[in-house]
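Undergrad: Counting in this note's numbering, the sequence shown runs from 115 upward without gaps.
Please see the structure below; I have some questions.
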Amino acid sequence: MGYCDAMTQPDWPARVAATVASQVKRLREDRKISAQQLADACAGLGYPLQRSVLANFESGRRQTVTLADVYVLAQALGVPPLALMVPVGVAESVEILPGSDVPIVEAMKWLAGEEALPGSDWDGASRELSAISSYKSHATLVENWNKYRHLARHAENAEEVRRNEELAEMMRGELRWLRELMKNRKMTPPALPTEMPPVD
């Protein structure tokens, strides 16, 4: 019997679904929207979930949840998917694996790709971790480029314009270096803003 076989508990998927359902209900009620309104929002996103299905889900009669459900419900409720999977601010821990309760913060870090779960490691995932880190860095550089461009446009004097334009250009230079590094590592760099001059 393998590790996963030994750890599997028949009702664990139902408990995962119950956690998501509880979060969906709490967030829906916080926003003062009905189950029908939530169903309509899901349909508007191209993934119909009938009101009766949502009612059964929230009441526990439907004991399964798919990743597609989580994605669409999170978008319909205006929250990150992680907020449905982990009861942040509601509980101290969550059963993230069968029979394994971990503190909320550790579950969040695991799902966000920041840290492995306690007692495990990601030694075999160096490429994936590098990709996650590179994409985060790329997003930060693009954000900073936009910030410095905005500051340059609204600067009060020529010196401020020059300084912020130089900083914006520096961000482009770092993006050029990072994107080349990503390509060398067989990664596909993210799309750049259409208003940004070419960096590749």
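From the three backbone atoms N, C-alpha and C, an ideal C-beta is built for every residue, glycine too.
Quick caveat: nothing in here was measured; it's all calculated off a predicted structure.
1) Arg286 and Val256: beta carbons closer than 7 angstroms?
2) Around the Cβ of Arg276, are there at least 16 other Cβ atoms within 10 angstroms (buried) or fewer (exposed)?
3) Using DSSP with H/G/I as helix, E/B as strand and the rest coil, what is Asp215?
4) May I ask you to list the residues that DSSP assigns as paired with Glu209?
5) Here's a check: name, in chain order, each residue in its chain whose Cβ is nearer than 7 angstroms to the Cβ of Tyr258, leaving out the five neighbours to either side.
6) Going by DSSP in three states, Leu229 sits in which element: helix, strand or coil?
7) Counting along the chain, where does the alpha helix (DSSP H) carrying Gln177 start and finish?
8) Who are the Cβ neighbours of Ala155 in its own chain at under 7 angstroms, not counting the five residues just before and after it?
9) When you compare the CB positions of Ile210 and Val216, do they come within less than 7 angstroms of one another, or not?
10) Using only the alpha-carbon positions, how far apart do Lys250 and Thr302 sit?
11) Below 8 angstroms on the Cβ atoms is my guess for Glu220 versus Pro232; work out the distance and round it to an integer in Å.
12) Return the CA-CA distance between Glu143 and Gly213, expressed in angstroms with no decimal places.
13) When the Cα atoms are used, what is the spatial distance from Asn278 to His264?
14) Apply the 10 Å Cβ neighbour rule to Glu172 and answer buried if 16 or more other Cβ atoms are within range, or exposed otherwise.
15) Can you tell me the Cα-Cα spacing of Asp125 and Ala253, whole angstroms?
16) With burial defined as no fewer than 16 other Cβ atoms inside 10 Å of the residue's Cβ, what is the status of Asp235: buried or exposed?
17) Is Thr308 buried or exposed, if buried means 16 or more other CB atoms sit within 10 Å of its CB?
18) What are the boundary residues of the alpha helix (DSSP H) that Glu288 is part of?
19) Going residue by residue through the segment 135-189, where are the continuous alpha helix (DSSP H) segments of at least 4 residues, counting only ones entirely within it?
20) Give the single residue among Glu288, Ala182, Tyr262, Trp224 whose Cα lies nearest to the Cα of Ile246.
TA: In short:
1) no
2) exposed
3) Asp215 sits in a strand when the DSSP states are folded into three classes.
4) Asp215
5) Reading the sequence as shown, one finds Asn at residue 258 and not Tyr. Cβ within range, chain order: Met285.
6) A small fix is needed here, since residue 229 is Glu in this sequence, not Leu. In the structure shown, Glu229 adopts coil according to DSSP, grouped into three states.
7) No alpha helix (DSSP H) contains Gln177, which DSSP labels as neither H nor E.
8) Ala190.
9) The answer is yes: Cβ separation under 7 angstroms.
10) 14 angstroms
11) 6 angstroms
12) 30 angstroms
13) 9 angstroms
14) buried
15) 39 angstroms
16) exposed
17) exposed
18) 272-298
19) 149-158, 165-173
20) Residue nearest to Ile246 within the set Glu288, Ala182, Tyr262, Trp224 is Trp224 (criterion: CA-CA distance).
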